[in-house]
Amino acid sequence: MWVDRVAAGYRGHEVSRRLSLSIERGSRTALVGPNGSGKSTILKTLARLIKPLSGSVYLNGKDIGRLPTREVARRMAILPQVHEVPPELTVLELVSQGRFPHVGALRMLRHTDDEAVQEAIRLTRLEHLMDRPVDTLSGGEHQRAWMALALAQQTDLLLLDEPTTFLDVGHQLDLLGLVSRLNRDHRVTVVMVLHDLNHAARFADRMIAVLEGDVVADGPPTEVLTPGLLRECFGVEASVIEDPQTGAPMCIPHTTIPSGNDDQVDGGP
């Protein structure tokens, strides 16, 4: 995927300006930044959910804005932040929709499609919930059901917008571990928006830090997750150490940096 001088935003309001970057095949990229920095807007533009105000996004060398929707869905899956489903739609029915880009107009699933659906349900540990209506699930179960739909598409590119929302820490690690295995075993390219900087540093091989719509740092986690970046982007004083188990950089916030007449907030007791 290649992003060529893209300005992204809503209804003419520019959020990100003249963004250019490439996403290498088989990479894991995490977009990070404070609330309102534009990272989700950038991801939605990559996913063709938002049309660029200017510039173009290319997928396999083709302008994504000119590709048929079905062709895009065969190549790219997205897990958005907000999900809406019809009442009484079951988990199995939802996940089966991930195969629609691969079947005919009648949407009749073949044996290979059924296998893909069952594998996605197994990977997300939803076997015991297959017949439950999606609107009766807990927040974490709901998120895993949508993740299963994205996996059922079996695309080479997976875009995730805050995929760990509503998940407890155990399920966060499970989901991000699953994403890492898909990347490692099947060379699925991953671009994800993450709020947890330590998760981003651990589960991505590239971090892109966004502030007010601009990329302010781009590179391996060891180069991006620094005390200077944490001051500039997040307004906190923090230490960055090496995780003794994974070797990834890990930030430990200490205090916020006061703005104007605000008092500094100490992270201690």
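Using this note's numbering, you'd call the opening residue of the sequence shown number 199 and step up by one each time.
Yeah, the Cβ is synthetic: ideal placement off N, Cα and C, and Gly gets one too.
**Prompt:** Going by the beta-carbon positions, is the gap between residue 182 and residue 338 smaller than 9 angstroms?
**Reply:** Past the boundaries of the shown model lies residue 182; the chain is included only from 199 to 467, so the question cannot be answered.
**Item:** Range of the contiguous beta strand (DSSP E) that encloses residue 251
**Value:** For residue 251, no beta strand (DSSP E) segment is defined, and its DSSP state is neither H nor E.
**Prompt:** Cα separation between residue 255 and residue 446?
**Reply:** So the alpha carbons of these two residues sit roughly 31 angstroms apart.
**Prompt:** In three-state DSSP terms, what is residue 329?
**Reply:** In the displayed model, residue 329 falls within coil according to three-state DSSP, outside both helix and strand.
**Request:** Go ahead and pull the three-state DSSP assignment for residue 435.
**Result:** Residue 435: strand per DSSP, three-state reduction.
**Message:** I'd like to know if the region 218-232 and the region 405-414 are in contact, where contact means that at least 3 CB-CB pairs between them fall below 8 angstroms.
**Reply:** They touch, by the three-pair rule.
**Prompt:** How many angstroms separate the CA atom of residue 316 from the CA atom of residue 270?
**Reply:** When rounded, the distance between both Cα atoms is 23 angstroms.
**Message:** Am I right that residue 199 and residue 335 are in contact with their C-beta atoms under 8 angstroms? What's the rounded C-beta distance?
**Reply:** A Cβ-Cβ distance of about 32 angstroms is found for the pair residue 199 and residue 335, leaving them out of contact under the 8 angstroms criterion.
**Request:** Determine the burial state of residue 204: buried for a count of at least 16 other Cβ atoms within 10 Å of its Cβ, exposed for fewer.
**Result:** Note on residue 204: 16 or more other CB atoms within 10 angstroms of its CB, so buried under the neighbour-count rule.
**Asked** Mapping DSSP to helix, strand and coil, what is residue 417?
**Response** Strand.
**Asked** CB-CB under 7 angstroms to residue 305, same chain, minus the five flanking residues each way: which ones, in chain order?
**Response** Scanning its chain for C-beta atoms nearer than 7 angstroms, with the 5 sequence neighbours on each side dropped, one finds around residue 305 the residues 298, in chain order.
**Request:** Mark residue 457 as exposed unless 16 or more other C-beta atoms lie within 10 angstroms of its C-beta, in which case mark it buried.
**Result:** With fewer than 16 Cβ atoms within 10 Å of its Cβ, residue 457 is classed as exposed.
**Message:** Per DSSP, what are the beta-bridge partners of residue 454 in this structure?
**Reply:** Residue 454 has 434 as its beta-bridge partners, per DSSP.
**Every unbroken beta strand (DSSP E) within the region 237-285, with a cutoff of 3 residues, ordered by chain** = Taking only runs of at least 3 residues, the beta strand (DSSP E) segments lying wholly in the region 237-285 are 252-257, 274-277.
**Prompt:** What is the rounded straight-line gap between the Cα of residue 215 and the Cα of residue 234?
**Reply:** Approximately 15 angstroms between the Cα atoms of the pair.
**Prompt:** Ordered along the chain, which non-local residues of its own chain (more than five positions away) have a Cβ less than 6 angstroms from that of residue 362?
**Reply:** Excluding the 5 residues flanking it on each side, residue 362 has same chain C-beta neighbours closer than 6 angstroms at 370, in chain order.
**Prompt:** Over what stretch of residues does the alpha helix (DSSP H) that includes residue 306 continue unbroken?
**Reply:** Following the DSSP letters along the chain, one finds residue 306 in no alpha helix (DSSP H), marked with neither H nor E.
**Message:** Quick check on residue 441: does DSSP put it in helix, strand or coil?
**Reply:** Residue state for residue 441 is assigned as coil, using DSSP reduced to three classes.
**Asked** At which residues does the beta strand (DSSP E) containing residue 289 begin and terminate?
**Response** It is not in any beta strand (DSSP E) - residue 289 instead sits in the alpha helix (DSSP H) that spans 289-294.
**Asked** Rounded to a whole number of angstroms, what is the C-alpha to C-alpha distance between residue 455 and residue 434?
**Response** Distance from the CA of residue 455 to the CA of residue 434, rounded to the nearest whole angstrom, comes to 5 angstroms.
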